[in-house]
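Trainee:
Residue numbers (the UniProt record's numbering): 1 to 430.
(1) Using the Cβ count rule (16 or more neighbours within 10 Å means buried), how would you classify residue 151?
(2) Excluding the five sequence neighbours on either side, which residues of its own chain have a C-beta within less than 7 Å of the C-beta of residue 381, listed in chain order?
(3) With 16 other CB atoms within 10 Å as the buried threshold, where does residue 229 fall?
(4) How is residue 281 classed by DSSP in three states: helix, strand or coil?
(5) Taking DSSP as the reference, what is the three-state secondary structure of residue 428?
(6) Taking the alpha-carbon positions, what's the residue 394 to residue 409 distance?
(7) What does the alpha-carbon distance come out to for the pair residue 149 and residue 174?
(8) Between residue 326 and residue 302, which are expected to be in contact by the criterion C-beta below 8 Å, what is the C-beta distance as a whole number of angstroms?
(9) Residue 249 lies in the alpha helix (DSSP H); which residues open and close that run?
(10) Can you list, in chain order, the stretches of the alpha helix (DSSP H) that have 4 or more residues and sit fully within the region 343-413?
(11) For residue 295, which residues of its own chain have a beta-carbon under 7 Å away from its beta-carbon, when the five flanking residues on both sides are left out?
(12) Pairs of beta-carbons, one from the region 227-243 and one from the region 253-261, closer than 8 Å: are there three or more?
(13) Can you tell me which of the three DSSP states residue 321 falls into?
(14) Can you list, in chain order, the residues of its chain with a C-beta nearer than 7 Å to that of residue 411? Leave out the 5 residues immediately preceding and following it.
(15) If we count the other Cβ atoms within 10 Å of its Cβ and call it buried at 16 or more, is residue 318 buried or exposed?
(16) What does a CB cutoff of less than 6 Å around residue 262 pick up in its chain, not counting 5 residues either side in sequence?
(17) Assuming the contact rule is C-beta atoms closer than 8 Å, residue 323 and residue 250 should be a hit. Round their C-beta distance to whole Å, please.
(18) Buried or exposed for residue 287, please, with buried defined as at least 16 other CB atoms from any protein chain shown within 10 angstroms of its CB.
(19) Does the region 410-430 come into contact with the region 337-352, if we say contact requires no fewer than three beta-carbon pairs (one atom in each stretch) closer than 8 Å?
(20) Does the beta-carbon of residue 407 have 16 or more other beta-carbons within 10 angstroms, so that it is buried, or is it exposed?
(21) Between 425, 333, 284 and 405, which lies nearest to residue 418 when the distance is taken from Cα to Cα?
(22) Short of 8 Å in beta carbon distance, which residues of its chain neighbour residue 373, apart from the five on each side in sequence? Order them along the chain.
(23) Would you tell me roughly how many angstroms separate the C-alpha atoms of residue 333 and residue 181, rounded to the nearest one?
(24) Once the 5 residues before and after residue 304 are set aside, which same chain residues still bring their CB inside 8 Å of it?
(25) Among the residues of its own chain, which have a CB less than 7 Å from the CB of residue 306, if the five just before and after it don't count?
(26) Return the residue from the list 214, 163 and 389 that minimises the CA-CA distance to residue 260.
(27) Quick one: Cα of residue 164 to Cα of residue 219, how far?
(28) So what's residue 297 in DSSP terms, helix, strand or just coil?
(29) State the CB to CB distance for the pair residue 379 and residue 293, rounded to an integer number of angstroms; the pair is presumed to be in contact (CB under 8 Å).
(30) Can you give me the start and stop residues for the alpha helix (DSSP H) that residue 311 sits inside?
(31) Between residue 335 and residue 289, what straight-line distance do the alpha-carbon atoms span, to the nearest angstrom?
(32) Count the other CB atoms, across all protein chains shown, that sit within 10 Å of the CB of residue 402; report buried if there are 16 or more and exposed otherwise.
Structure, rendered in C-alpha cells:
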C-alpha cells in the first residue's frame, strides 16, 4: 500500500504536465484521473497493462535471471526483440532508468521463462534426440558388426563340425580297415598252420610260390579241404540218422557243387602256374603218388567206389561199367597226348647247337618250347573236365543214398591218404 504520490511518481504522473500529457497521449486517456480514471474507456489496455508495483525487486530478479540465463538460445532473443518492437509500436516507452513493459503476456520475465523453459525443453529434446541418434547409430553399427561377427563365428563353427565329422569318419574307416586286416591275417595264419599240419608243403619240395595266384590257390584249397571234412561229417550223420531222401538229396547236391568249386579253382591256378598243378605241390605226399595230370584217375576212383555201392541193379551195374570203360579210354587218349607233348618238347629243346653262341637260334627254341607249354594247360583242363563229368554221371546213375555213400567213400579215401602223409612225416627217424 504505497501513497498516491509515490504511485504517481512511479508512473510519471507527478513529474510535470508535459510528461503527463505525453503519457496520456501515448495511452489515449486524459491526463487527470489516470489512476482513478474511467476503466471502461480502455478495457483492453488495462487488461494488457499489469502494474509493476515493486520495480526494484523485479529488476533484481531480472538481473539474476539474466545472469543465470546468459546462454539462452537465439530463439529467446528473437522473441524478446519481437516483444520490444511490439511495445514501441503501441506507444509505450519505458522511462529512463526504468524497465517498464506494457504487456504482461510478453514480459521479459514471462518470455524469458517461457523461452527458457521452451528452449530448455527443446535443447533437452535436441540433446536427447542427438544422443538417441548417436546411440541408435552406434547400436545399429554394433548390431551390424555383431551380425557379421556372429555369421563368421557360425560359419567357422560349421566348418569345424564338418571337419570333425569327416575326421571321425576317416578314423572309423581306418579302424575298420585295421580290424579287417587283422582278421584276414589271423585267418591266413590259421590256414598256414592247417596246411603245415596236413603236410602239404612236406617232402622236400621246392615249389615256386612267388606268383600270387599260386599262393591264393593253396589257401583256397586248404579252405576247401576243411569244408569238405564238414560235408563228410554231415553226410555220415545223415546216413546214420536215416533222414528222408529229399534232405539227403540236398546234401548230395551240395557235395557235388563243392567238387565243382575245386575244379573252378584249379582252372584259375593252371593259368597262373601249370607246373604247380601238375606236380601236385598243393597235395600231400601220399596223394601225389596217385596223381594223374593234376588229379585222380576217374577209372581208378570208380574201381575203389564200386564195392561201396552194392547192391546195384543190373541196369546200374551196366551203366557203371560203361562209365568206367569210357573214362579209361579218355584217360588213355589224354595220356598218349601228354606223352607226345613231352617227346615233342624234349626234341625242341635238344635240337640245334648245344652252345649259346647263336643267340637267335636259342631264342627261337625257347619261343617254340613256350608255345608247347600252352598245350600242357589244355591237357590239364581236359583231365579236370573228365573227372568232373565222371563224378556227375556216377551221381545220376546211383540212387540218392547210394550217391551219398559213394561221396562219403571218396572223401574218406582222400582223407586217409592225407593222414598217411602226416604219419609218414611224423614218423620217428633213426
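Note that beta-carbon positions come from the ideal geometry of N, C-alpha and C, so glycine has one too.
Mentor: Taking the coordinates as given:
(1) exposed
(2) 267 and 270
(3) exposed
(4) Three-state DSSP puts residue 281 in coil, outside helix and strand.
(5) If DSSP states are grouped into helix, strand and coil, residue 428 belongs with coil.
(6) Cα to Cα, residue 394 sits roughly 13 Å from residue 409.
(7) Each residue's Cα considered, the two are about 37 Å apart.
(8) Contact annotation, residue 326 with residue 302: C-beta distance approximately 10 Å; criterion of less than 8 Å not satisfied.
(9) Run containing residue 249: 245-272, per the alpha helix (DSSP H) assignment.
(10) 359-397
(11) Cβ within range, chain order: 383, 384 and 387.
(12) yes
(13) If DSSP states are grouped into helix, strand and coil, residue 321 belongs with the helices.
(14) Hits under 7 Å: 228 and 232.
(15) Exposed.
(16) 224
(17) So it is not a contact: roughly 24 Å between Cβ atoms.
(18) buried
(19) no
(20) buried
(21) 284
(22) 274 and 345
(23) Roughly 47 Å between the two C-alpha positions.
(24) 409, 410 and 413
(25) Cβ within range, chain order: 320.
(26) 389
(27) Answer to the nearest angstrom: the Cα atoms are 41 Å apart.
(28) coil
(29) 6 Å
(30) Counting along the chain, residue 311 falls outside any alpha helix (DSSP H), and DSSP gives it neither H nor E.
(31) Straight-line Cα distance between these residues: approximately 16 Å.
(32) With at least 16 other beta carbons inside 10 angstroms of its own, residue 402 counts as buried.
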